[in-house]
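For the protein sequence lines, the chains are A and B, in the order given.
Counting from 2, one number per residue, gives the positions in the first sequence under our numbering.
Counting from 964, one number per residue, gives the positions in the second sequence under our numbering.
Virtual Cβ for every residue (Gly too), placed ideally from N, Cα, C.
Before any comments, here is the structure.
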Amino acid sequence: AQSVTQPDIHITVSEGASLELRCNYSYGATPYLFWYVQSPGQGLQLLLKYFSGDTLVQGIKGFEAEFKRSQSSFNLRKPSVHWSDAAEYFCAVESTSGTYKYIFGTGTRLKVLA
Amino acid sequence: EAQVTQNPRYLITVTGKKLTVTCSQNMNHEYMSWYRQDPGLGLRQIYYSMNVEVTDKGDVPEGYKVSRKEKRNFPLILESPSPNQTSLYFCASRKQGGHTEAFFGQGTRLTVV
């Protein structure tokens, strides 16, 4: 069965520091991958998505992610974190079962120190 | 503005008292679904609907019902809520066919006592 792993439950960074959130997926063919952010009390907002093509994907709010097939990874990065980036981040893969559902990782909660 | 609207945002109820969480989208999307979010488990799909009158179980459907009588609405029904259904619920919609972005509602935090 397809799965998504986010190995880091919590990450704390200082404002202005760089950020990398890890995501690994299990699927043999080209997956359809997403990163969503959930700010406190809010719904999920799409940061970026990967379907095919260029393996470095640019998203909103200065985020980018790199698809690495050899490592089955889709890590999210930001060069300089802002205090407003504090939130929970979810990586997801679209299921190939015909249901079109998303399979989510367990999330990474980001804390930003001033 | 494209949006998915859930109501209520917060709900505290007692065990066994039937409740409905409404979900409405204004994007004419065919595909709608419900997820629940629990700490350490991420989001798990409860039910989904590929179009009007077409619904199917997701990964955790026990204790839930849904209906899709109109394209824009996809209510989640808990006939007899239990404390293990205390969770944060999200409705989502997207275009049919896959490889498309899902739009999420703001969530409904349900507490069953």
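If you check the beta carbons only, do residue i and residue j fall under 8 Å apart?
i        : j        : result
G108(A)  : V5(A)    : no
L45(A)   : F1053(B) : yes
Q1069(B) : Q43(A)   : yes
M1013(B) : S1056(B) : no
R1035(B) : N989(B)  : yes
F35(A)   : Y90(A)   : no
What is the DSSP secondary structure of residue i, reduced to helix, strand or coil?
i        : result
G1005(B) : strand
K62(A)   : helix
N1047(B) : helix
R182(A)  : Missing from the structure shown is residue 182(A); chain A here goes from 2 to 115 and no further.
D86(A)   : helix
V977(B)  : coil
D1022(B) : coil
I think residue i touches residue j, with their Cβ atoms under 8 Å apart; what is that distance to the nearest whole Å?
i        : j        : result
L77(A)   : L22(A)   : 4 Å
V967(B)  : T1071(B) : Their Cβ separation, rounded to whole angstroms, is 12 Å, which puts V967(B) and T1071(B) out of contact at 8 Å.
H1062(B) : Y33(A)   : 5 Å
A965(B)  : F1067(B) : The pair is not a contact, with the Cβ atoms about 12 Å apart (cut-off 8 Å).
- Name the residues in the region 1005–1025 of chain B whose C-beta lies less than 9 Å from a C-beta of chain A; which are they? G1005, L1006, R1007, Q1008, Y1011, M1013, D1019, G1021 and D1022
- Message: Closer than 7 Å between beta carbons: that is the criterion. Which residues of the region 1050–1066 of chain B meet it against chain A?
- Response: F1053, G1061, H1062, E1064 and A1065
- Message: Using a Cβ-Cβ cutoff of 7 Å, what residues of the region 23–53 of chain A are near chain B? List them in chain order.
- Response: Sequence-ordered contacts of the region 23–53 of chain A with chain B read Y33, Q43, G44, L45, L47, K50 and F52 [C-beta pairs closer than 7 Å].
- Message: Does the contact criterion of 3 or more C-beta pairs under 8 Å hold for the region 970–985 of chain B versus the region 62–75 of chain A?
- Response: no
- Task: Below 9 Å between beta carbons is the criterion; list the residues of the region 987–1000 of chain B that meet it against any residue of chain A, in chain order.
- Result: Listed by position along the chain: Y994, S996, Y998 and Q1000.
- Task: With 7 Å as the C-beta to C-beta threshold (strictly closer), list the residues of the region 64–98 of chain A near chain B in chain order.
- Result: F91 and E95
- Message: At a CB distance below 9 Å, what residues from the region 104–115 of chain A approach chain B? Give them in sequence order.
- Response: The residues in question are I104, F105, G106, T107 and G108.
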